[in-house]
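A.B. asks:
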Amino acid sequence: DKLVELLVDADLINSFDDLFHLQLTDVANLERMAEKSAQNLLDALEVAKTTTLGRFLYSLGIREVGVTTAQNLADHFGFLQRIQDADEETLLAVPDVGEIVAKHLLSFFSEPHNQSIIEQLIKAGLTWPESEPVSAAESAELPLAGKVYVITGTLSEMGRDDAKSYLQALGGKVTGSVSAKTDCLLAGEKAGSKLTKAQGLGIEILDEAGFIELLRHLGVEGV
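My numbering puts the sequence shown at residues 100 to 322.
(1) Between Pro211, Arg154, Gln122 and Asp174, which lies nearest to asparagine 139 when the distance is taken from Cα to Cα?
(2) Helix, strand or coil, according to DSSP, for glutamate 187 in the structure here?
(3) Suppose the cutoff is 6 Å on Cβ atoms and the five residues either side in sequence are ignored; what does the same chain contact list for leucine 159 look like?
(4) What does the alpha-carbon distance come out to for the pair glutamine 214 and isoleucine 221?
(5) I'd like the span of the alpha helix (DSSP H) that includes isoleucine 216, first residue to last.
(6) Can you give me the start and stop residues for the beta strand (DSSP E) that lysine 272 sits inside?
(7) Count the other CB atoms within 10 Å of the CB of asparagine 128; is the residue buried (16 or more) or exposed (fewer)?
(8) Give the range of the beta strand (DSSP E) segment to which valine 247 is assigned.
(9) By DSSP's criteria, glutamate 288 is part of a beta bridge. Which residues make up the other side?
(10) Tell me whether the beta-carbon of aspartate 125 lies closer than 7 Å to the beta-carbon of leucine 102.
(11) Express the C-alpha separation of phenylalanine 178 and aspartate 184 in angstroms, rounding to a whole number.
(12) Check for me: the beta strand (DSSP E) holding leucine 304 runs from which residue to which?
(13) Along the chain, where does the alpha helix (DSSP H) that runs through serine 136 open and close?
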């Protein structure tokens, strides 16, 4: 990104948290940056300080931890400190976390440099809601409890994050890859290889219209 290059070249950012300490005068003095554009950037950064635990984990760039795995970790533990303190056995209990991902997580959080980055970002004002995860007893009573879903392709009526939130709120687990353990594939447009694999494994496939119908049948309002 050219703006990031400008900020680095001007020695305004040298670490991730520097982004959240930028001042209007510093940014406005950059080449081709008017004061209004500078203010828009600072406003956007201020909004970005409020995030979710899943998004924060994903933003850390931990190897093999994509959007889905990051959210599964957030849903399972509820608190960042619990993820940082987890051992391999505890991590392996998280959906979509295998031995390789668990080792990458352990390696990342054991590095003092990475811990320092997290601390500095929190000091800079990044925040997210944390809460106790849903208990096993409560989860078992939800209509999609025990069902494993994968989402692929483009959804036109809702974002994939929204679809994932609906599934999880109803007790479903969302993973990033199709396997024999997958119960259903939600396939949008341009589904690609995941759709082909699901068909080969005989996995149930829902298109977006079918998914919306399912949500309505389960009493979800506003879809």
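The beta-carbon is built from N, C-alpha and C at its ideal position, and this holds for glycine as well.
C.D. replies: Inspection of the coordinates gives the following:
(1) Gln122
(2) helix
(3) none
(4) 11 Å
(5) 211-222
(6) Segment 272-274, the beta strand (DSSP E) holding lysine 272.
(7) exposed
(8) 247-251
(9) Thr253
(10) No, the pair does not count as a contact, with Cβ atoms beyond the cut-off.
(11) 10 Å
(12) With the sequence shown as reference, residue 304 is identified as isoleucine, and leucine is not the correct amino acid for it. 303-305 is the span of the beta strand (DSSP E), which, as asked, contains isoleucine 304.
(13) 134-147
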